[in-house]
Every structure is written in C-alpha cells, then in structure tokens.
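Enquirer: To convert, note that position 117 of the sequence shown is 128 in my numbering; the numbers rise steadily by one, no gaps.
Even glycine gets a Cβ: it sits at the ideal position worked out from N, Cα and C.
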Amino acid sequence: MDYPNVQPSARRKHRSMAEDLVAELSRRIHAGELACATKLPTESQVMQEHGVSRTVVREAISRLQAAGLVETRHGVGTFVCDIPSASGFRIDPASIVTLEDVLAVLELRISLEVEAAGLASHRRTPEQLQLMRDSLDILQSSAISAEYAVAADFQFHQQIALATGNRYFTDIMLHLEVSIIPRARMHSTRQANNDKEPYVERLSREHEAIYQAIARGDSDAARAAMRLHLSNSRERMRRSYAAASAAQSVSNGPAAVNAPP
C-alpha cells in the first residue's frame with residue numbers, strides 16, 4: 012500500500028502497527044473468538060479499540076483478505092471465512108510439552124517453509140518484498156524488546172508464506188504461530204540472553220540470506236538459506252533446553268532429578 016507524502020519512517024510505523032493488528036485479529040479468528048461468518052467490527056470500532064488510524068485498519072484487513080481469513084462484502088461488511096485448518100488440521104498447544112514435541116514441530120516448519128521460500132522467490136510482489144524488508148529492519152533494531160522481536164521474526168516468515176500465493180501455506184503458518192511458535196521463540200530468546208550479541212548477529216545473517224535470495228529470484232538459494240536457518244533454530248532450541256535442564260538440576264539438587272516439570 013502506498014502512503015503519498017509520508018516519510019519512510021512513518022510508512023514503517025504504519026506497517027508495523029498493521030502487522031500487530033493482523034496478528035491480533037488472526038489470533039482471535041484461530042482461537043474461535045471471531046467465529047466463521049462472524050462480521051468484524053466496523054473500521055471505526057477497530058480504530059477506537061486498538062488506537063490506530065483508518066489507514067492501518069484498511070491495510071490489516073487487506074492482509075487478512077490476502078491470507079483468506081476474511082472476505083469483504085461491499086455494502087455489508089467484512090466477515091470471517093471458514094478456515095480449513097481450524098477443523099481439519101489442528102495441533103493442540105497443550106500437547107507440545109517435551110523437547111521432542113517442540114523439535115518435531117520445527118521439523119514440520121522446515122518441510123513447509125523451505126518450499127515456501129522457493130515459491131516466494133518467483134511469486135513475490137515488490138510490496139511483499141518491501142514488507143519482508145520492513146520486518147527485518149524492525150528485527151535488527153538494537154532497541155527492540157524480546158517480545159516485539161518475536162512478532163517481527165514471525166511477520167518475516169509470514170510474509171514469505173503470503174508471497175507463495177498459496178493460502179494453505181498461510182493458514183498453516185498462522186495456526187502454528189497462534190498455537191506454538193511465539194512461546195517457543197521467546198523461550199529460546201531468553202535462553203540466548205547470555206550470548207545475546209552473537210545470537211542476534213547469527214539470526215540477522217540467516218534472515219538476510221533468505222531475503223537476498225528471494226529478492227534476486229534465486230529459488231535454490233532461497234530454499235537452502237531457509238533450510239539452514241530453521242535447522243540452526245532447531246539446534247539452538249535443543250541447546251537452550253539442555254542448558255535450562257542442566258541449570259534446573261543444579262538448582263534443585265539430586266532429589267529433584269525425577270520430579271515432574
């Protein structure tokens with residue numbers, strides 16, 4: 012979306028606010044708070060509830076439409092679509108309780124997102140590429156909080172899914188994000204705090220390699236960069252859990268080794 016006579020910093024702010032609104036509305040849709048065929052609040056109501064401008068609301072609705080989550084009926088309003096993943100495909104967050112479960116979900120993400128990166132390299136639009144760049148710029152900001160970094164990280168991956176032009180990549184990514192990904196990423200980020208600068212630098216290099224490959228339309232390089240990034244994420248997760256378990260064992264002493272988590 013173009014913002015005439017608006018400075019680049021203001022455009023980035025609009026986009027980041029729209030991303031936050033998309034994430035919140037997506038969460039409510041997938042959680043069933045906004046059920047299929049439910050009419051979304053009016054633009055004015057959303058503006059008042061979330062403290063955003065009409066431009067932000069319209070961009071967020073446009074992205075939700077592109078993701079197949081809502082449809083607008085002119086003169087009537089915007090309604091929640093039937094989402095196949097809500098009934099046909101479901102991963103219960105309560106079932107993700109062990110390291111093996113978390114790593115298994117990461118393996119699922121590898122299989123999905125490697126191919127998504129390859130498709131996105133040929134199908135992405137200039138606007139989608141810019142939104143990927145905006146997410147990376149936010150993620151690479153030194154002033155960003157851990158929680159906001161998680162949101163920006165996911166938005167980067169979500170933009171790649173959107174750029175495939177295949178709504179099912181987007182549906183599954185949204186389902187995984189709402190159910191699992193942020194909690195796992197925040198845990199991993201907290202565990203990496205003692206090694207924060209090298210950790211952030213590695214993530215930045217990995218994301219940048221994915222972005223550059225998609226930008227130049229190199230599908231093989233995009234797939235390879237995404238596979239490397241997610242494989243490294245899986246290994247970082249494994250190490251962080253191992254470190255946390257070791258620290259817990261030392262803290263609680265030998266008697267607590269067999270205690271339930």
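Using a Cβ-Cβ cutoff of less than 8 Å, which residues in the same chain neighbour residue 136 once the five nearest sequence positions on both sides are dropped?
Expert: Closer than 8 Å at Cβ, skipping near neighbours: 174.
Enquirer: Tell whether a beta-carbon distance below 8 Å holds between residue 47 and residue 93.
Expert: A contact, by the Cβ cut-off of 8 Å.
Enquirer: Following the continuous beta strand (DSSP E) through residue 84, name the residue where it begins and the one where it ends.
Expert: Taken as a continuous stretch (DSSP letters only), the beta strand (DSSP E) holding residue 84 covers 81 to 84.
Enquirer: Around the Cβ of residue 227, are there at least 16 other Cβ atoms within 10 angstroms (buried) or fewer (exposed)?
Expert: Under this definition residue 227 is an exposed residue.
Enquirer: Three-state secondary structure (DSSP) at residue 88?
Expert: Here residue 88 sits in strand by DSSP.
Enquirer: Taking residue 132 as part of the alpha helix (DSSP H), name the residues at either end of that continuous run.
Expert: Element bounds for residue 132: 110 to 134.
Enquirer: To the nearest angstrom, report how far apart residue 139 and residue 239 are at their CA atoms.
Expert: Each residue's alpha carbon lies about 22 Å from the other.
Enquirer: If we ignore side chains and look at the alpha-carbon of each, how far apart do residue 172 and residue 39 end up?
Expert: If I take the Cα positions, the gap works out to 20 Å.
Enquirer: Touch check for the region 140 to 148 and the region 238 to 255: three-plus C-beta pairs under 8 Å?
Expert: No: the two stretches stay apart, fewer than three of their Cβ pairs being nearer than 8 Å.
Enquirer: Which whole-angstrom value is the C-beta distance of residue 81 and residue 32, which I expect to be below 8 Å?
Expert: That pair is no contact at about 12 Å.
Enquirer: How far does the alpha helix (DSSP H) with residue 70 in it extend, from its first residue to its last?
Expert: That run of the alpha helix (DSSP H) goes 65 to 77.
Enquirer: I'd like to know whether the C-beta atoms of residue 183 and residue 117 end up nearer to each other than 8 Å.
Expert: It is not a contact, given that the beta carbons lie outside the stated cut-off.
Enquirer: Looking at the unbroken alpha helix (DSSP H) that takes in residue 93, where does it start and where does it end?
Expert: Element bounds for residue 93: n/a, residue is neither H nor E.
Enquirer: Rounded to the nearest angstrom, what separates residue 120 and residue 187 at their Cα positions?
Expert: For residue 120 and residue 187, the distance between alpha carbons rounds to 9 Å.
Enquirer: Just the Cα atoms here: how many angstroms apart are residue 179 and residue 231?
Expert: Approximately 22 Å, taken between the alpha carbons.
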